[in-house]
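Inspection log for the structure reproduced underneath, given as structure tokens.
Residue numbers (the numbering used here), protein chains in the order written: chain Y, 21 to 220; chain G, 9 to 230; chain C, 27 to 289.
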């Protein structure tokens with residue numbers, strides 16, 4: 021499986037964020053997107069996720085399931101947690117598990133692997149920022165998708181959380197997955213780097 | 009199919025929990041209806057003549073004002089991104105969200121109608137007629153209002169702008185809803201004709217609403 | 027036992043555990059006496075047996091206003107004295123007040139039915155009660171729409187006090203509006219002079235319903251305190267997950283039983 025972007029150009033609000041961008045990542049590879057604020061890291065991830073339409077160029081996934089689009093085979097972990105405070109931790113996770121479809125994993129197991137199984141029946145409103153992030157990470161595990169698109173995934177996590185997340189990313193890459201992560205901090209895994217310089 | 013069921017279940021659950029505010033719509037409906045007699049006077053004969061119109065206006069405003077948060081809540085916490093990316097067609101997801109909203113906010117209005125009919129001196133048959141027309145007509149309000157709610161996400165604005173956009177679209181529903189209830193109560197017109205048109209308006213909105221909302225959400229994300 | 031002692035929720039719980047059975051018993055006895063006296067009261071020469079609805083209606087109408095008064099005092103307690111039990115008292119009172127107001131509305135319209143020929147007439151008094159009911163519902167909606175009870179408490183306290191000032195103004199306006207449209211009052215609730223045969227049962231019933239309110243209110247306050255404890259325990263459980271995985275066993279459990287909640 022190979023994820024590649026060719027000649028990508030992104031224009032937002034009349035401003036060119038980046039252009040002529042090329043990247044590729046194969047099964048088992050992680051791509052770290054680095055660069056200063058405003059360089060377009062988040063925009064690039066959203067273009068890959070299919071949430072933004074590129075002004076030019078295209079992103080393609082070769083070797084995936086033919087009848088599914090790239091965004092249907094990808095997980096997107098954005099700045100925002102996509103959690104509902106009124107629902108319990110388990111209800112939040114179960115919803116995404118059922119809604120995203122695909123091959124669902126056991127929800128309790130997923131919570132255990134991000135060390136949130138004690139809190140399963142508590143409202144998500146009681147979670148701290150780091151715990152909310154862990155719960156979003158559990159979503160990546162609950163339904164199997166080959167491509168993970170991560171936007172500053174480790175920002176709210178403490179040391180233990182980061183170790184845990186590194187382990188989960190290794191597992192994902194070991195299973196033939198692809199990771200594209202926008203980050204300021206070293207991810208803790210072997211990555212290929214894509215440096216974005218910002219607008220000219 | 010189970011994805012849509014999960015979405016409906018989630019939205020109804022959130023609406024009914026603390027902070028959800030599904031029942032505030034009913035309270036608004038009740039308050040607007042109670043205000044009317046203070047404006048037109050406590051004359052029971054007059055009130056029973058105006059009753060269906062008052063109830064319809066109240067239900068129209070109540071169901072539109074609660075629509076405000078239909079998509080913005082999901083947009084603000086990032087859920088909307090994941091819904092757009094999922095394998096469920098966005099049109100179906102929009103329809104499921106509108107249906108959930110109608111179940112949590114529209115259906116209670118219809119259940120509250122008999123109590124309000126009592127206040128407006130409507131007899132049993134008249135109240136039943138109004139409730140029946142609301143049952144047929146409020147889905148159309150929700151599904152057309154959904155377009156405005158989706159545009160509100162695009163423009164990062166809701167509230168009054170939503171009302172200004174959507175209220176003109178709901179005029180046909182209001183016309184035939186009130187006409188059908190009046191026909192059932194007193195009118196020379198037969199009940200069947202306006203009621204069938206009302207049902208037709210609802211069916212049309214089931215098609216137009218989800219497609220327009222999905223299109224505006226797709227272009228509005230950034 | 028002073029007010030500061032009562033401020034401690036644990037003491038409050040211990041005290042109410044002892045008091046509540048007696049209160050419930052006294053309420054039952056008084057209600058039984060009041061109902062018996064009401065049943066024995068003579069029929070009115072104009073209204074017949076219908077007049078007996080008064081024995082239920084008047085206490086409910088009285089309590090519908092009294093409960094708002096209790097909530098106003100509690101609101102002052104929240105805003106001025108920051109009494110820890112004040113917002114518990116205010117929150118617990120709202121649904122009970124709404125229930126009494128609803129009963130006053132229902133009994134009022136049942137009482138009016140034989141007179142008016144319809145269940146609802148925009149009579150000045152009943153209309154005022156209806157508006158009061160709407161204000162209760164709005165207050166409950168406010169409590170329900172904010173998840174954190176201490177934040178909701180301030181908003182609810184302000185609304186309660188504004189309501190307390192506005193209710194007389196609303197009442198006056200509604201009276202004026204009503205006389206404007208209906209110069210001749212057809213039917214007056216209660217009437218100006220009350221025969222002793224009606225007065226005694228009415229007083230007993232009013233007392234019984236007031237006791238009923240106090241019993242229900244204390245029980246609801248207990249529930250609210252316990253609910254907040256569960257909430258703070260849950261919040262601690264949520265944070266302990268991180269604790270136990272990084273620092274070790276959560277040592278903060280011990281404080282839980284003495285806290286009222288996330289105040």
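Just so it is clear, CB atoms sit at the ideal spot from N, CA and C, and this is done for glycine as well.
1. Which of the three DSSP states is assigned to residue 144 (chain C) in this structure?
2. How long is the line joining the alpha carbons of residue 225 (chain G) and residue 64 (chain Y), rounded to whole angstroms?
3. Which value, in whole angstroms, describes the spacing of the CA atoms of residue 39 (chain Y) and residue 108 (chain Y)?
4. Could one say the Cβ of residue 145 (chain C) lies closer than 9 Å to chain G's Cβ atoms, at least one of them?
5. My understanding is that residue 98 (chain Y) touches residue 11 (chain G), with C-beta atoms under 8 Å, so please give their C-beta distance in whole angstroms.
6. Taking residue 171 (chain Y) as part of the alpha helix (DSSP H), name the residues at either end of that continuous run.
7. Compute the beta-carbon to beta-carbon distance between residue 176 (chain G) and residue 209 (chain G), rounded to the nearest angstrom, for a pair I have assumed lies under 8 Å.
8. Could you confirm whether any beta carbon from chain Y is found closer than 9 Å to the beta carbon of residue 179 (chain C)?
9. Is residue 84 (chain G) close to chain Y, meaning its C-beta is less than 9 Å from at least one C-beta of that chain?
10. Taking the alpha-carbon positions, what's the residue 245 (chain C) to residue 42 (chain C) distance?
11. With distance defined between alpha-carbon atoms, name the residue in Y:80, Y:143, Y:95 nearest to residue 189 (chain Y).
12. Is any beta-carbon of chain Y found at less than 9 Å from that of residue 15 (chain G)?
13. In angstroms, rounded to a whole number, what distance separates the CA positions of residue 231 (chain C) and residue 150 (chain C)?
14. Sort Y:216, Y:85, Y:42, Y:172 by Cα distance to residue 25 (chain Y) and report the nearest one.
15. Could you have a look at residue 141 (chain Y) and say whether DSSP puts it in helix, strand or coil?
16. I believe residue 155 (chain C) touches residue 127 (chain C) by the beta-carbon criterion, under 8 Å. Please report the beta-carbon distance rounded to the nearest angstrom.
17. Leaving aside the five residues before and after residue 163 (chain C) along the sequence, list all residues of the same chain whose C-beta is less than 7 Å from its C-beta, in chain order.
18. Would you say the segment 48-64 of chain C touches the segment 221-241 of chain C, given that touching needs at least three Cβ pairs under 8 Å?
19. Taking the beta strand (DSSP E) that residue 37 (chain Y) falls in, what are its first and last residues?
20. Since residue 75 (chain G) and residue 163 (chain G) should fall inside the 8 Å C-beta cutoff, what is the C-beta to C-beta distance between them, to a whole number of angstroms?
21. Within 10 angstroms of its Cβ, does residue 83 (chain Y) collect 16 or more other Cβ (buried), or is it exposed?
22. Mind listing the chain Y neighbours of residue 95 (chain G)? Cutoff is C-beta to C-beta under 8 Å, in chain order.
23. I want to see whether chain Y comes within less than 9 Å of residue 229 (chain G), judged by CB atoms only; does it?
24. What does a CB cutoff of less than 6 Å around residue 101 (chain Y) pick up in its chain, not counting 5 residues either side in sequence?
25. In or out: residue 201 (chain G) buried (at least 16 other Cβ within 10 Å) or exposed?
26. Alpha carbon to alpha carbon, how far is residue 178 (chain Y) from residue 56 (chain Y)? Give it in angstroms, no decimals.
27. Expressed to the nearest angstrom, what Euclidean distance is found between the alpha-carbon atoms of residue 172 (chain G) and residue 45 (chain Y)?
28. Just the Cα atoms here: how many angstroms apart are residue 210 (chain Y) and residue 61 (chain Y)?
29. Please list, in chain order, all residues of the same chain as residue 241 (chain C) whose beta carbon is under 6 Å from its beta carbon, the five residues on each side excluded.
30. Taking the alpha-carbon positions, what's the residue 144 (chain G) to residue 166 (chain C) distance?
31. Contact criterion: CB-CB distance below 9 Å. Does residue 80 (chain G) meet it with respect to chain A?
32. Tell me whether residue 109 (chain G) is buried or exposed, calling it buried when 16 or more other Cβ atoms sit within 10 Å of its Cβ.
33. Among the residues of its own chain, which have a CB less than 6 Å from the CB of residue 148 (chain G), if the five just before and after it don't count?
34. Classify residue 202 (chain C) as buried or exposed, calling it buried when 16 or more other Cβ atoms lie within 10 Å of its own Cβ.
35. With residue 121 (chain G) and residue 139 (chain G) assumed to form a contact (beta carbons below 8 Å), what rounded beta-carbon distance in angstroms separates them?
36. I'd like to know whether the C-beta atoms of residue 103 (chain G) and residue 19 (chain G) end up nearer to each other than 9 Å.
Checking against the coordinates, here is how it stands:
1. In the third chain, the residue the question calls residue 144 (chain C) occupies position 118. Residue state, collapsed to three classes: coil.
2. Numbered from its first residue, the second chain carries residue 225 (chain G) at position 217. Numbered from its first residue, the first chain carries residue 64 (chain Y) at position 44. Spanning the two alpha carbons is a distance of roughly 20 Å.
3. Looking up residue 39 (chain Y) in the first chain gives position 19. Looking up residue 108 (chain Y) in the first chain gives position 88. Those two C-alpha atoms are separated by around 43 Å.
4. Here residue 145 (chain C) refers to the residue found at position 119 when the third chain is read from its first residue. By this cut-off, residue 145 (chain C) is an interface position.
5. Within the first chain, residue 98 (chain Y) is the residue found at index 78, counting from 1. Within the second chain, residue 11 (chain G) is the residue found at index 3, counting from 1. With a Cβ gap of about 20 Å, residue 98 (chain Y) and residue 11 (chain G) do not count as contacting.
6. Numbered from 1 along the first chain, position 151 holds the residue referred to as residue 171 (chain Y). Counting along the chain, residue 171 (chain Y) falls outside any alpha helix (DSSP H), though it belongs to the beta strand (DSSP E) covering 167-171.
7. Taking the second chain and counting its residues from 1, the one referred to as residue 176 (chain G) is at position 168. Taking the second chain and counting its residues from 1, the one referred to as residue 209 (chain G) is at position 201. That pair is no contact at about 14 Å.
8. Taking the third chain and counting its residues from 1, one reaches residue 179 (chain C) at position 153. Judged by the 9 Å Cβ criterion, residue 179 (chain C) is not in contact with chain Y.
9. Sequence index remark: in the second chain, residue 84 (chain G) carries index 76 (1-based). At least one chain Y Cβ lies under 9 Å of residue 84 (chain G).
10. Residue numbering aside, residue 245 (chain C) sits at position 219 when the third chain is read from its first letter. Residue numbering aside, residue 42 (chain C) sits at position 16 when the third chain is read from its first letter. C-alpha separation (whole angstroms): 8 Å.
11. By one-based count along the first chain, residue 189 (chain Y) stands at place 169. Comparing Cα positions, the closest option is Y:95.
12. In the second chain, residue 15 (chain G) corresponds to position 7, counting from 1. Interface residue, yes.
13. Residue 231 (chain C) sits at position 205 when you count from the first residue of the third chain. Residue 150 (chain C) sits at position 124 when you count from the first residue of the third chain. Going from the Cα of residue 231 (chain C) to the Cα of residue 150 (chain C) covers about 24 Å.
14. As a working note, residue 25 (chain Y) is residue 5 in the first chain. Of the listed residues, the one whose Cα sits closest to residue 25 (chain Y) is Y:42.
15. Within the first chain, numbered from 1, the residue matching residue 141 (chain Y) stands at position 121. In the structure shown, residue 141 (chain Y) sits in coil (DSSP, three-state: anything other than H, G, I, E or B).
16. To locate residue 155 (chain C), count along the third chain from 1; it is residue 129. To locate residue 127 (chain C), count along the third chain from 1; it is residue 101. About 6 Å separates the two Cβ atoms, so the contact holds.
17. The residue you call residue 163 (chain C) lines up with position 137 of the third chain. 124, listed in sequence order.
18. yes
19. Against the first chain, residue 37 (chain Y) aligns to sequence position 17. Where residue 37 (chain Y) is concerned, the enclosing beta strand (DSSP E) stretches over 35-46.
20. Translated into positions along the second chain, residue 75 (chain G) becomes position 67. Translated into positions along the second chain, residue 163 (chain G) becomes position 155. With 8 Å as the limit, residue 75 (chain G) and residue 163 (chain G) do not qualify as a contact, their Cβ atoms being about 15 Å apart.
21. The residue given as residue 83 (chain Y) occupies position 63 in the first chain. Residue 83 (chain Y) comes out exposed.
22. Position 87 of the second chain holds residue 95 (chain G). Per Cβ cutoff of 8 Å: 88, 92, 120, 121, 122.
23. On the second chain, position 221 is the one that residue 229 (chain G) refers to. It does: the Cβ of residue 229 (chain G) has a partner Cβ on chain Y nearer than 9 Å.
24. Along the first chain, read from residue 1 onward, the residue named residue 101 (chain Y) stands at position 81. 152, 156, listed in sequence order.
25. Position 193 of the second chain holds residue 201 (chain G). Exposed, since its Cβ has fewer than 16 Cβ neighbours within 10 Å.
26. By one-based count along the first chain, residue 56 (chain Y) stands at place 36. By one-based count along the first chain, residue 178 (chain Y) stands at place 158. In a straight line, the C-alpha of residue 56 (chain Y) is about 23 Å away from that of residue 178 (chain Y).
27. Locating residue 172 (chain G) in the second chain gives position 164, where the first residue counts as 1. Locating residue 45 (chain Y) in the first chain gives position 25, where the first residue counts as 1. Going from the Cα of residue 172 (chain G) to the Cα of residue 45 (chain Y) covers about 48 Å.
28. Reading the first chain from its first residue, position 190 is the one you call residue 210 (chain Y). Reading the first chain from its first residue, position 41 is the one you call residue 61 (chain Y). Roughly 19 Å between the two C-alpha positions.
29. In the third chain, residue 241 (chain C) corresponds to position 215, counting from 1. Closer than 6 Å at Cβ, skipping near neighbours: 49, 50, 53.
30. Reading the second chain from its first residue, position 136 is the one you call residue 144 (chain G). Reading the third chain from its first residue, position 140 is the one you call residue 166 (chain C). So the alpha carbons of these two residues sit roughly 31 Å apart.
31. The structure shown contains no chain A; the protein chains it does contain are Y, G and C.
32. For the purposes of this step, residue 109 (chain G) is identified with residue 101 of the second chain, where counting begins at 1. Result: buried.
33. Translated into the one-based positions of the second chain, residue 148 (chain G) becomes position 140. Around residue 148 (chain G): 181, 209, 210, 213.
34. Here residue 202 (chain C) corresponds to residue number 176 of the third chain, with the count starting at 1. It counts as exposed.
35. One-based indexing of the second chain puts residue 121 (chain G) at position 113. One-based indexing of the second chain puts residue 139 (chain G) at position 131. Contact holds; Cβ gap of about 4 Å.
36. Taking the first residue of the second chain as 1, we reach residue 103 (chain G) at position 95. Taking the first residue of the second chain as 1, we reach residue 19 (chain G) at position 11. For residue 103 (chain G) and residue 19 (chain G), no; Cβs fall outside 9 Å.
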